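In this note's numbering, the protein residues as written are 8 to 241.
Structure record follows, encoded as structure tokens.
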């Protein structure tokens, strides 16, 4: 009897956002597979859970130990440092490896926090169609990355860190998105949560004027239709 691999979403900041099912899954797992042991130990300690940890990162060469434990019938819970695995986090490759090597093994999901969905939910931006662009590339490909967002007709979402957020927003403005409705969410669910709204140009000024930095989720609204532009001008 093969074991089960559970992909568990964890809080992006506020530990109270951990789901009951997520806690029970971690409690019942034989082993918790994690990306960052220190973050995972803090999470488990908060919920008074003691489990052996097995580190697996996206750059890990193989998942041999995980495969062997599943073959032995053990239940494994996989978590990243925060949020939903495989959404700009490791996890997808692990699922792929397990599915390839143990196609009969049960792989299940424990849904929960995701900064993408949290930001869209408070954005006021139509999100029946949207694209998640992940993190901007650090060097090569930035111009085409922001051009793709600027030319995308529906809502677009991307992540950015504290040290490059202004640079990225300004590059997006240079790509032609300066008048797009923009919502920038900083430190979602955390103590210093802030949400800036306006055109991209206006939001850049607001972010630049705030000395507190953090992790950012940026939502770019859909392109205005020609009829809307004409109505505004008239």
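Each residue gets a CB set at the ideal place from its N, CA and C atoms; glycine is no exception.
Fair warning: this is a prediction, and the values are worked out from it, not measured in the lab.
CA nearest to the CA of residue i, picked from the options
| i | options | result |
| --- | --- | --- |
| residue 131 | 15, 93, 189 and 149 | 189 |
| residue 136 | 46, 162 and 200 | 162 |
| residue 13 | 86, 55, 142 and 153 | 86 |
| residue 65 | 81, 42, 57 and 16 | 42 |
| residue 74 | 56, 111 and 227 | 111 |
| residue 120 | 71, 196 and 230 | 196 |
| residue 169 | 193, 140 and 177 | 193 |
| residue 82 | 100, 11 and 147 | 11 |
| residue 9 | 101, 55, 109 and 127 | 109 |
| residue 30 | 178, 129 and 15 | 15 |
| residue 246 | 152, 91, 133 and 182 | Nothing about residue 246 can be read from this structure; the chain reaches only from 8 to 241. |
Length of the line joining the Cα atoms of residue i and residue j
| i | j | result |
| --- | --- | --- |
| residue 235 | residue 213 | Low local confidence applies: a pLDDT of 48 at residue 235 is under 50, so the model's placement there is unreliable, with the coordinate-based value given in what follows. C-alpha separation (whole angstroms): 26 Å. |
| residue 32 | residue 69 | 24 Å |
| residue 210 | residue 79 | 53 Å |
| residue 208 | residue 21 | 30 Å |
| residue 62 | residue 34 | 18 Å |
| residue 241 | residue 49 | Low confidence applies to residue 241: its pLDDT is 43, below 50, so where it sits in the model is not reliable, and the reading given next is rough at best. Going by the C-alpha atoms only, they are around 57 Å apart. |
| residue 72 | residue 51 | 22 Å |
| residue 54 | residue 145 | 36 Å |
| residue 173 | residue 201 | 15 Å |
| residue 153 | residue 60 | 39 Å |
| residue 215 | residue 203 | 11 Å |
Cut-off 7 Å between Cβ atoms - residues of its own chain near residue i, not counting five sequence neighbours on either side
| i | result |
| --- | --- |
| residue 106 | 114 |
| residue 159 | 138 |
With 16 other Cβ atoms within 10 Å as the buried cut-off, status of residue i
| i | result |
| --- | --- |
| residue 219 | exposed |
| residue 237 | Since pLDDT at residue 237 reaches only 45, below the 50 mark, its modelled position is unreliable, and the value read off the structure follows with that caveat. Counting Cβ neighbours within 10 Å, residue 237 comes out exposed, since fewer than 16 surround it. |
| residue 25 | buried |
Assigned secondary structure, residue i (DSSP; H/G/I helix, E/B strand, else coil)
| i | result |
| --- | --- |
| residue 91 | coil |
| residue 154 | helix |
| residue 189 | strand |
| residue 86 | strand |
| residue 67 | coil |
| residue 205 | strand |
Proximal residues to residue i (C-beta, below 6 Å), its chain only, five neighbours per side dropped
| i | result |
| --- | --- |
| residue 167 | 175 and 223 |
| residue 187 | 207, 227 and 228 |
Residues near residue i in its chain [Cβ-Cβ closer than 8 Å; skip 5 each side]
| i | result |
| --- | --- |
| residue 141 | 95, 165 and 166 |
| residue 102 | 12, 14, 93 and 114 |
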